[in-house]
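A.B. asks: Going by my numbering, the sequence shown opens with residue 327, and the numbers climb by one from there.
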Amino acid sequence: MELTGDAITNPDLRSFFFQGENESDCETWTKALLSDRHQALRDERKAYKQVCGSFPLQLSHCSRLIDEAEAETKRKEKEIYYRTTAGASAFQRYRCVFGGERERGR
């Protein structure tokens, strides 16, 4: 007995050959293969549905992580700006205070 794919639906499917003691054995094998294939397709479809169902949650999680990282980046940039500004301001005060003493000491 030969089990082949449909020439229109799946022409690339290779042929399988079975040899049984009688035609009933071949039909039993054919039914078992078709049943296994059907079950495998159902399992695959279920897995795809689960992936599709969880995708919005994963996308939301990634979006939240990106938003948190962007907020942290902005916070760090502000902190750097304030520290730089405060440092420059303190340096200018230092120069005014100690620069004036140098001039007085001359």
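All C-beta atoms in this analysis are idealised placements derived from N, C-alpha and C, irrespective of residue type, glycine included.
Would L339 pass as a contact of G346 if the rule is Cβ separation under 8 Å?
C.D. replies: The residue labelled residue 339 in the question sits at position 13 within the sequence shown. The residue labelled residue 346 in the question sits at position 20 within the sequence shown. No, they are not a contact pair.
A.B. asks: How big is the Cα-Cα spacing for H387 and Q365?
C.D. replies: Your numbering for residue 387 matches position 61 in the sequence shown. Your numbering for residue 365 matches position 39 in the sequence shown. Going by the C-alpha atoms only, they are around 33 Å apart.
A.B. asks: Could you compute how far the alpha carbon of Y374 sits from the alpha carbon of R401?
C.D. replies: Stepping through the sequence shown from its first residue, residue 374 is reached at position 48. Stepping through the sequence shown from its first residue, residue 401 is reached at position 75. Using only the alpha carbons, I get a separation of about 40 Å.
A.B. asks: Is A416 near the ligand ATP, judged by its Cβ being under 7 Å from some heavy atom?
C.D. replies: The ligand ATP is absent from the structure shown, which contains no ligands of any kind.
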